[in-house]
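Chemist: Positions 274 to 326 (our numbering) are the ones given, in order, by the sequence shown.
Please see the structure below; I have some questions.
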Amino acid sequence: LYAVICCESPSDHVDLFSWLMCSLPQLNPLFGPQIPSHIVRVLQREWPPVTGM
Numbered sequence: 274l275y276a277v278i279c280c281e282s283p284s285d286h287v288d289l290f291s292w293l294m295c296s297l298p299q300l301n302p303l304f305g306p307q308i309p310s311h312i313v314r315v316l317q318r319e320w321p322p323v324t325g326m
């Protein structure tokens with residue numbers, strides 16, 4: 274699921290930087306935050322599996 278935070282064209286380098294920092298993690302998960310393995314196990318245990326997609 275991709276969502277764009279800012280749809281307006283950037284007007285200067287600060288806006289461009291903010292736009293890149295909001296967009297890059299959505300394009301490639303390697304740029305985003307890393308979730309520790311113990312948190313992943315808790316999420317798997319607590320959240321039901323997604324079915325019917």
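Note that the Cβ used here is the ideal one computed from N, Cα and C, for glycine as well.
(1) Which of helix, strand or coil does DSSP assign to I299?
(2) Kindly indicate the opening and closing residues of the alpha helix (DSSP H) around V323.
(3) Per DSSP, what kind of secondary structure is I308 in: helix, strand or coil?
(4) Alpha carbon to alpha carbon, how far is R318 from G325?
Modeler: The short version:
(1) One detail in the question is off: residue 299 reads as Gln in this sequence, not Ile. Secondary structure at Q299: helix, using DSSP grouped into helix, strand and coil.
(2) Note, V323: premise wrong, no alpha helix (DSSP H); not H, not E.
(3) coil
(4) 19 Å
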